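In what follows, a single structure is set out as structure tokens and then discussed.
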Amino acid sequence: MSVVGILAAAGRGERFGAHIPKQFLPLRGIPLVIRAARCLQEAEAVAQIVAAVPPGYQELLQRWAEEYGVQKLSRIVVGGEHRQDSVRAALETPEVQRAELVLVHDAARPFATAALVERVLQAAQRHGAAVPGIPPAETIKKVAPTGEVVQTLAREWLRRIQTPQAFRREWLVAAHAHARRLGLSATDDAALVELLGFPVVVVEGEPRNLKLTTPEDWRVAEALLQAEQ
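For the sequence shown, the residue numbers in our numbering are 25 to 253.
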């Protein structure tokens with residue numbers, strides 16, 4: 025089984041409000057993008073990493089990869105305006121085109137572990153596509169545009185989906201081609217794969233696998249790292 029990881033690191037982080045994309049900011053001394061890449065670097069099954077970054081950040085990431093020991097980073101591509109554009113650019117690289125399974129991981133998730141990567145890969149090898157998820161702690165309600173509650177959803181059937189997500193390469197390539205052809209967009213790659221009717225299974229995620237979107241998220245991440253010291 026040949027596996028390549030795609031690190032989606034081309035986001036602009038507009039909701040974060042920083043002067044540079046947040047994935048290039050230091051999180052307790054180490055760049056967020058490097059912390060996110062470590063789960064792919066440490067997972068034995070992952071052979072190579074392809075990263076998609078904003079224009080002008082290729083050399084910086086290459087230098088950091090060498091400095092922090094991310095030896096599996098084999099190619100850096102310039103991402104597009106949207107996340108799907110960035111993943112698609114990575115899918116077109118020779119490294120990914122030779123892979124059997126492809127992992128896609130958000131650069132805004134610094135706490136994912138190599139164990140999670142392996143768990144997702146094992147499920148994808150069996151089923152074709154797998155994503156990590158955790159049950160919501162809150163009550164979830166479906167709401168009409170008027171604000172009126174339409175339905176209270178049963179939490180036992182709901183999951184908060186994370187990355188890394190793993191797919192048969194040909195499924196993910198077909199899903200992105202289909203989405204581009206029809207002008208479709210989705211918040212994660214699994215949703216695009218689902219649109220083609222391919223099965224996606226959910227494996228147990230990690231509660232600490234936070235996505236850092238806002239300054240409040242960042243402060244939580246700093247507190248978690250400080251508590252580990």
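Yeah, the Cβ is synthetic: ideal placement off N, Cα and C, and Gly gets one too.
Model, not experiment: these values are computed from the prediction.
(1) Whose CA, out of Arg52, Ala215, Gln82 and Ala34, lies closest to the CA of Val246?
(2) Do the segment 26 to 35 and the segment 69 to 83 meet, that is, are 3 or more Cβ pairs less than 8 Å apart?
(3) So Arg192 is in the beta strand (DSSP E); what residue range does that whole segment cover?
(4) Hey, quick one: how far does the alpha helix (DSSP H) through Pro239 stretch, first residue to last?
(5) Within 8 Å, do at least three Cβ pairs link the segment 225 to 233 to the segment 201 to 208?
(6) Within the continuous alpha helix (DSSP H) that includes Leu127, where are the two ends?
(7) Quick one: Cα of Arg59 to Cα of Arg204, how far?
(8) At what residues does the alpha helix (DSSP H) containing Ser110 begin and finish?
(9) Measure the C-alpha to C-alpha separation of Arg62 and Trp181 and round it to an integer number of angstroms.
(10) Find the nearest neighbour of Ala178 within the set Thr187, Ile185, Pro50 and Lys165, judged by alpha-carbon distance.
To lay it out plainly:
(1) The sequence as given places Glu at residue 246; Val does not occur at that position. Per the Cα distances, Arg52.
(2) yes
(3) Gln189 to Arg192
(4) Pro239 to Glu252
(5) no
(6) Leu127 -> not in any alpha helix (DSSP H); beta strand (DSSP E) instead, spanning Leu125 to Asp130.
(7) 31 Å
(8) Arg107 to Leu115
(9) 31 Å
(10) Lys165
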